[in-house]
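J.: After the structure tokens below, expect a handful of questions from me.
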Amino acid sequence: MKSRWLFLSLALLLLPLGRASAQDLRVRLFSLHPPSDVILRATSGSFQWRTCPACPGTAATLLAIEVASAQLRIRDAGISRELYVTGGVRLEAVGEPALTANFPLELKAANSQLLVTATVPLEDYVAAVLTGESGDFRNEQSLRAMAVVIRTYATRFRGQHDNDGFDFCDTTHCQVPAWNTVPARVAAAVEATRDEIVSFQDAAAAVFYHQNCGGALAASNEVWPDVTVTYLRQHSDPYCVTNSPLKWESSFAASDISESLRQAGLAPPVGWTTIEIVSRSASGRVQRLRLAGGSSPDFPLSASSFRFAVDRALGWNKIRSDLYDVRNDGDHILFSGRGSGHGVGLCQAGADEMARQGKDYHQILDFYFPGTHVSRVSSQGWQTRTSERLELFTTAPEQDSKLLPDAEKVLKEDEAAIGWELPFRARLQVFPTLDRYRDTTGQPGWVAATTRGQTVRLQPVAELRKRSILESTLRHEFFHLLVESHARVETPLWFREGLVLYLSEPGKRNSGSMALTDDEMEAILSKPASRRDQEKAYSAARERLAALIQRYGKASVLDWLSSGIPAEVLARPSAPSNQGASQQP
Ligand SMILES: [Zn+2]
Ligand SMILES: [Zn+2]
């Protein structure tokens with residue numbers, strides 16, 4: 015049921031095809047401080063510019079552009095309403111860090127400012143945002159979780175600036191990309207999760223993230239009253255508070271607070287003396303405050319307007335979250351709080367701690383977005399479902415995911431029998447029809463499943479159930495995964511296959527009638543000519559391994575997978591006559 019080597023060439027067919035341009039995103043650059051002029055410099059050779067998408071291009075190594083009365087003035091080249099640039103360029107704008115981009119750019123004038131938009135393939139956008147967001151991550155699996163969340167956000171919320179002519183800005187309003195160099199570990203995390211998104215009911219989930227929840231994750235409607243989704247619910251986060259809980263304190267003079275409120279257009283009562291907390295949300299975040307003790311009645315205030323006013327006037331990030339206590343101390347007010355950010359969705363500090371403790375990115379995403387699963391952006395109907403140790407890849411997730419509990423059980427039994435654990439999450443790919451299974455695997459219909467790498471590819475589940483071989487097939491293939499995870503490259507096929515067959519049915523009696531030499535078994539298993547030949551080789555390999563295990567013990571034989579098969583074992587006489595029942599053909 016397994017022919018590992020035949021599939022090496024077929025693997026090429028499964029490589030991703032070219033990028034779909036439908037996945038490209040329009041990202042506005044310099045959103046926070048739009049420049050009124052910019053210099054474009056070629057990063058290698060020259061770039062091309064044109065004044066309409068279909069116009070002929072002009073090569074240049076340097077171009078200076080400034081806004082002049084709703085037009086672009088291109089130094090030494092005239093005036094245009096728009097400008098389109100392709101090729102690697104470095105953008106230099108006064109007062110902004112230079113930015114290197116190798117994506118098509120569009121430049122327009124709007125309100126005496128330059129509107130610069132880059133058209134970026136989804137995976138490049140994910141890499142740029144992960145670069146901008148990954149500074150605090152120390153672990154590979156938390157980086158992967160973040161890559162999936164960034165991609166999900168981009169998929170779910172693309173077009174949120176449609177009215178302005180682009181998909182995303184480059185500020186914290188959307189996500190903050192860093193365009194210059196993508197570090198190798200970021201590129202690896204993006205590649206390892208290519209196309210993967212968090213989904214809920216077959217659509218990209220509404221995901222959010224923040225720096226540190228302070229141990230208490232907020233439900234989405236605590237922060238955005240109209241966003242209520244089950245996977246963004248309030249729960250505690252034991253991870254971000256494990257090692258170095260983020261605690262902060264800020265003290266302000268009452269007069270400074272009054273001034274900052276006035277600057278924000280609010281009118282605090284004259285002579286107020288204390289700030290009191292009126293209400294908190296389910297996660298403990300302050301919702302409403304009151305300025306009390308003044309001449310006029312108490313002054314109610316929402317925590318978010320208060321934070322915004324104080325942060326803007328007295329220093330950004332002085333009040334890092336709404337999870338705080340207030341102490342009134344003479345004419346000063348002391349805020350002592352935990353965490354940083356809104357607390358909804360993935361907590362970056364907690365995710366990194368989970369990864370440090372050995373959790374993988376699926377477990378991290380399960381924890382922060384309970385009830386969702388990881389699936390693919392562009393998969394022609396293929397979707398992913400995960401269970402504790404397995405990942406199901408299927409076109410009929412509702413129906414096929416019923417297989418997962420049984421498969422988990424079989425995997426655990428296999429691991430107990432062999433005495434070691436699978437060092438990765440195994441993937442089960444279930445084909446919707448026998449034809450598609452045959453087309454993709456190149457296997458005849460009588461081969462129920464094949465294993466390649468970390469993936470077991472199965473015929474339609476209904477087909478296997480009908481033949482009552484679902485469980486035995488899973489058992490066999492999981493033993494293959496376990497054996498392959500330990501086998502050195504030169505381990506012969508007959509040894510691998512015989513071992514798996516023996517482990518799958520250790521109590522089966524030997525028929526003793528199908529002896530073949532090791533070379534004959536190897537030849538048949540590497541290229542079986544018929545079902546009958548293959549069954550003959552299976553039977554011989556199984557008996558060969560049963561005899562070895564009887565003679566040397568199971569532990570030694572399993573050990574040979576990694577240490578190598580001893581020469582005396584391989585140099586057996588061509589007929590295993592010492593077993594008494596063999597017949598040379
Ligand atoms: Zn935005
Ligand atoms: Zn947390």
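The sequence shown begins at 15 in the working numbering and counts up by one.
For each residue, glycine too, the CB sits at the ideal point set by N, CA and C.
In terms of DSSP beta bridges, what is residue 132 paired with?
T.: 41, 119
J.: Who are the near neighbours of residue 274 in its chain, counting only those whose CB is closer than 6 Å to its CB and skipping five residues on each side?
T.: Around residue 274: 323, 324, 327, 328.
J.: Mind checking residue 339: buried by the 16 CB within 10 Å criterion, or exposed?
T.: exposed
J.: Take the Cβ of residue 430 as the centre, count every other Cβ of all protein chains shown within 10 Å, and call the residue buried at 16 or more, exposed below.
T.: exposed
J.: What separation, rounded to the nearest whole angstrom, lies between the Cα atoms of residue 506 and residue 497?
T.: Each residue's alpha carbon lies about 12 Å from the other.
J.: For the region 194-229, which segments carrying the alpha helix (DSSP H) assignment without a break, of at least 4 residues, lie completely within its bounds, in sequence order?
T.: 198-206
J.: Which same chain residues end up closer than 7 Å to residue 158 when comparing Cβ atoms and leaving out the 5 residues on each side of it in sequence?
T.: 203, 206, 207, 375
J.: Excluding five sequence neighbours on each side, which residues of the same chain lie with their C-beta closer than 8 Å to the C-beta of residue 284?
T.: 308, 309, 310
J.: Please state the DSSP three-state secondary structure of residue 584.
T.: Assignment of residue 584 by DSSP, reduced to helix, strand and coil, places it in the helix class.
J.: I'd like to confirm the pairing. Which residues does DSSP put opposite residue 54 in its beta bridges?
T.: 77, 105
J.: When you get a sec, list the residues whose CB is within less than 5 Å of any heavy atom of ligand 1, chain order please.
T.: 183, 187, 188
J.: Between the region 121-129 and the region 69-76, do at least 3 Cβ pairs fall closer than 8 Å?
T.: Put simply, the region 121-129 does not touch the region 69-76. Fewer than three CB pairs are less than 8 Å apart.
J.: Determine the direct distance from the alpha carbon of residue 230 to that of residue 359, and round the result to whole angstroms.
T.: 11 Å
J.: On the criterion of 16 or more Cβ atoms from any shown chain inside 10 Å, does residue 114 qualify as buried, or is it exposed?
T.: exposed
J.: Give me every residue whose Cβ sits closer than 5 Å to any heavy atom of ligand 2, in chain order.
T.: 227, 251, 254, 361, 364
J.: List the DSSP bridge partners of residue 388.
T.: 212
J.: From this set, 347, 348, 353, 346, which residue's C-alpha is nearest residue 337's C-alpha?
T.: 353
J.: At the level of alpha carbons, what is the spacing between residue 104 and residue 74?
T.: Going from the Cα of residue 104 to the Cα of residue 74 covers about 13 Å.
J.: Indicate the three-state DSSP secondary structure (helix, strand or coil) for residue 614 in the structure shown.
T.: Given a span of 15 to 599 for the chain in the structure shown, any question on residue 614 remains unanswerable.
J.: Ignoring anything shorter than 4 residues, give me the alpha helix (DSSP H) runs that lie fully in the region 544-583, in order along the chain.
T.: The alpha helix (DSSP H) runs of length 4 or more contained entirely in the region 544-583 are, from start to end of the chain, 545-566, 568-577.
J.: Confirm the yes/no value for this check: CB of residue 61, any heavy atom of ligand 3, distance under 6 Å.
T.: As presented, the structure is devoid of ligand 3, carrying ligand 1 and ligand 2 as its sole ligands.
J.: Going by the beta-carbon positions, is the gap between residue 139 and residue 39 smaller than 7 Å?
T.: yes
J.: Between which two residues does the alpha helix (DSSP H) harbouring residue 377 extend?
T.: 375-382
J.: Measuring straight from C-alpha to C-alpha, what distance separates residue 237 and residue 254?
T.: Between residue 237 and residue 254, the C-alpha separation is close to 20 Å.
J.: Fully enclosed by the region 258-339, which alpha helix (DSSP H) runs are 4 residues long or longer?
T.: Fully enclosed alpha helix (DSSP H) runs of 4 or longer: 268-277, 317-328.
J.: How should residue 584 be labelled, buried or exposed, when 16 other C-beta atoms within 10 angstroms of its C-beta is the threshold for buried?
T.: exposed
J.: Does the region 377-392 come within contact of the region 261-273, defined as at least 3 CB pairs closer than 8 Å?
T.: no
J.: Please confirm whether residue 112 and residue 49 have their CB atoms less than 7 Å apart.
T.: no
J.: In terms of alpha-carbon separation, which member of 491, 96, 90, 44 lies closest to residue 83?
T.: Measuring from the Cα of residue 83, the nearest candidate turns out to be 96.
J.: Below 7 Å CB to CB, which residues in the same chain sit around residue 296 once its five sequence neighbours on both sides are set aside?
T.: 233, 236, 248
J.: If the criterion is Cβ atoms closer than 7 Å, does the pair residue 132 and residue 192 meet it?
T.: no
J.: So what does DSSP say about residue 98, is it helix, strand or coil?
T.: strand
J.: Starting from residue 602 and walking both ways along the beta strand (DSSP E), at which residues does that stretch end?
T.: The requested residue 602 is not part of the displayed model; the chain covers only 15 to 599.
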